[in-house]
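Some notes on the structure that comes next.
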């Protein structure tokens, strides 16, 4: 698993609205030339929050990634985000 590369994508999407839009619209292009496994690439393309967490991404980066893709904070979004992570525990988050 290329955890660093996956965390890097999360950070870049959170910081760059254009990249976030590209990931939503054309995930293949947004993820091209990245050192990702097929599983990581697919989870990012689907923006599968639960799978990304289970792959060991950093929770802070995951939260900001999801927040950017949502377009900002709302109580409904937060409830949905937390529901996706329900029952999971933070593991080793070193890169």
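In my numbering, the protein residues as written are 4 to 98. Cβ atoms here follow ideal geometry from the backbone N, Cα and C, with glycine treated the same way. Please read these numbers as outputs of a predicted model, since none were measured by experiment.
Boundaries of the alpha helix (DSSP H) harbouring residue 69: 62-73, taken from the DSSP string.
A residue is called buried once 16 or more other Cβ atoms fall within 10 Å of its Cβ, and residue 13 is buried on that count. In the structure shown, residue 76 falls within a coil segment according to DSSP collapsed to helix, strand and coil.
Secondary structure note for residue 45: its alpha helix (DSSP H) is the uninterrupted segment 41-49. At a Cβ-Cβ threshold of 7 Å, residue 55 and residue 44 do not count as neighbours. Taking a contact as a CB-CB distance under 8 Å, the pair residue 42 and residue 32 does not count as one, their CB atoms being some 19 Å apart. One alpha carbon belongs to residue 29, the other to residue 70, and they sit about 19 Å apart. A straight line joining the alpha-carbon of residue 86 with that of residue 36 spans about 32 Å.
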